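Below is one structure, written out as structure tokens; comments come after it.
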Amino acid sequence: MHLTEMIFDGPTPIDGYGPGFFRINGQVHQGGILLLPGRAEPWRGLGDWDRFLQSAAQIDVVFLGMG
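Residues in the sequence shown are numbered from 1390 upward in steps of one, following the working numbering.
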């Protein structure tokens, strides 16, 4: 099988996910995350709107998983 490694210049790659975690750019993040250009930040969910609103100018699309 031929594998081709992907090199990302812009968007941060989401490598995988599972129960309670995301693997982003090779690093595991437990719990919810706010994925912004070049970084992933912890997000406590719907009660944590301040962090979300502070980053609103950088957000084009929102994917919200509820379980």
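Note that beta-carbon positions come from the ideal geometry of N, C-alpha and C, so glycine has one too. Keep in mind that this is a model prediction, so the values were computed, not measured.
DSSP state of residue i, grouped into three classes?
i	result
Leu1442	helix
If residue i sits next to residue j, beta carbons under 8 Å apart, how far is it from one beta carbon to the other, in whole angstroms?
i	j	result
Ile1422	Trp1432	6 Å
Ile1413	Leu1425	No, Ile1413 and Leu1425 are not in contact; Cβ-Cβ is about 11 Å, not under 8 Å.
Is the beta carbon of residue j closer than 8 Å to that of residue i?
i	j	result
Gly1427	Thr1401	yes
CA-CA distance, residue i and residue j?
i	j	result
Leu1392	Gly1454	31 Å
Gln1443	Ile1403	22 Å
Arg1440	Phe1411	19 Å
Arg1407	Met1390	Note that residue 1407 is Gly in the sequence shown here, rather than Arg. Distance between the alpha carbons of Gly1407 and Met1390: 26 Å.
Val1451	Ile1396	24 Å
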